[in-house]
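Here's the structure we're looking at; comments come further down.
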Amino acid sequence: MKVIYAAAAVLLCLLARPVSAQSSAEIRKIEDYLNSVKTLEARFVQNASNGNVAEGRLWIEKPNKIRMEYNEPTNVLIVGNGDFIVYHDKDLDQVSNIDYDDIPASLILGNNIKIDGKNIKVTNFYRDSGTTIVTLEYAKGGIGPITLTFSNAPFELRQWKIVDPQSVEVTVSLYGSKIDQPIADNMFRFRKSRSPLQNKKGR
9 MKVIYAAAAV LLCLLARPVS AQSSAEIRKI EDYLNSVKTL EARFVQNASN GNVAEGRLWI
69 EKPNKIRMEY NEPTNVLIVG NGDFIVYHDK DLDQVSNIDY DDIPASLILG NNIKIDGKNI
129 KVTNFYRDSG TTIVTLEYAK GGIGPITLTF SNAPFELRQW KIVDPQSVEV TVSLYGSKID
189 QPIADNMFRF RKSRSPLQNK KGR
């Protein structure tokens, strides 16, 4: 798996076309797709440049709702209800809040995404018969770029790549995506479950 993603990264670096090479129609197609998807459910595999690999399930409902459940041994839950994002490390029993404005992936959660060259601009673009890859950069300082990979037939989001605050490159690949299917509201509500130690004390 690591070899596959390393090869994909090299391909992106070698074949990425200059910004001036992509057409406005191609950028509009990406905008239209990101704005048209209202819900998304998928399995994901997360690969990090430090060697960490994790798997889980992802749910998105626009605007700004997200849930990522990681499978063991990565005991992490991420839930965003539209106002803020909760990061729950179950092993450490720690809960942290994250602002949407601080994460590059907030771009795929919006309802009115505009790649206008001002607030969001294209820094790299590549397209072949099967894949479209675009790197988008925010004008706002402090937020790193995000690279989105789409399949062309059908045109669907397959992967995104960011660099986290610790300078670790994180790639999230989606599998078995279900688009615009109903998702229960309680999926985006965070409720801290009791740890096994707490359950024993309560008996």
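Numbering (the numbering used here), first residue to last: 9 to 211.
Backbone N, C-alpha and C define an ideal beta-carbon position, used for all residues, glycine too.
If you measure between the beta carbons of K122 and E34, is that distance less than 9 Å?
No.
Taking the alpha-carbon of N60 as reference, which of P190, D193, V176 has the nearest alpha-carbon?
The shortest C-alpha separation from N60 is found at V176.
Please report the distance separating the alpha-carbon of F158 from that of A113.
The alpha-carbon atoms of F158 and A113 are separated by roughly 15 Å.
Continuous beta strand (DSSP E) assignments of at least 3 residues falling wholly in the segment 117 to 160
With a minimum length of 3 residues, the continuous beta strand (DSSP E) runs that stay inside the segment 117 to 160 are 128 to 135, 139 to 146, 154 to 160.
Please state the DSSP three-state secondary structure of E34.
Shown here, E34 sits in a helix according to DSSP, grouped into three states.
Exposure of F52, with buried meaning 16 or more beta-carbon neighbours within 10 Å
Buried, by the Cβ-count rule.
What are the boundary residues of the beta strand (DSSP E) that E50 is part of?
The residue you asked about is not Glu; residue 50 is Ala in the sequence shown. Here the beta strand (DSSP E) through A50 covers 47 to 56.
Assess, as a yes-or-no matter, whether the segment 89 to 99 is touched by the segment 192 to 201 under the definition of 3 or more beta carbon pairs within less than 8 Å.
As far as the Cβ criterion goes, the segment 192 to 201 touches the segment 89 to 99, which means the pair count is three or higher.
With 16 other CB atoms within 10 Å as the buried threshold, where does G64 fall?
It is buried - the Cβ of G64 has at least 16 other Cβ atoms within 10 Å.
Considering Cα atoms alone, identify which of N160, N105, D172 is closest to G152.
The option with the nearest alpha carbon to G152 is D172.
In the DSSP assignment, find the beta strand (DSSP E) that holds R166 and state where it starts and stops.
Per DSSP, R166 belongs to the beta strand (DSSP E) from 163 to 171.
Who does S104 pair with in a DSSP beta bridge?
The partner list for S104 (beta bridge, DSSP) reads Y95.
Using three-state DSSP, classify S175 as helix, strand or coil.
It is coil, neither helix nor strand.
On a Cα-Cα basis, can you pick out the residue from I116, T143, E145 that is closest to W67?
With distances taken between Cα atoms, W67 lies closest to I116.
Determine, using beta carbons only, whether L144 and T155 come nearer to each other than 9 Å.
Cβ atoms of L144 and T155: closer than 9 Å.
Quick one: is K10 buried, meaning 16 or more other Cβ sit within 10 Å of its Cβ, or exposed?
Because K10 sits at a pLDDT of 39, beneath the cut-off of 50, its placement in the model cannot be relied upon, and the following sentence gives the value as read from the coordinates. So K10 counts as exposed.
Three-way DSSP call (helix, strand, coil) for E80 in this model
E80 sits in coil when the DSSP states are folded into three classes, being neither helix nor strand.
By the 10 Å Cβ neighbour count, where 16 or more other Cβ atoms means buried, how is Y134 classified, buried or exposed?
Burial call: buried.
Take M76 as the anchor and find which of K70, S57, H96 has the nearest alpha-carbon.
When only C-alpha atoms are compared, the closest one is H96.
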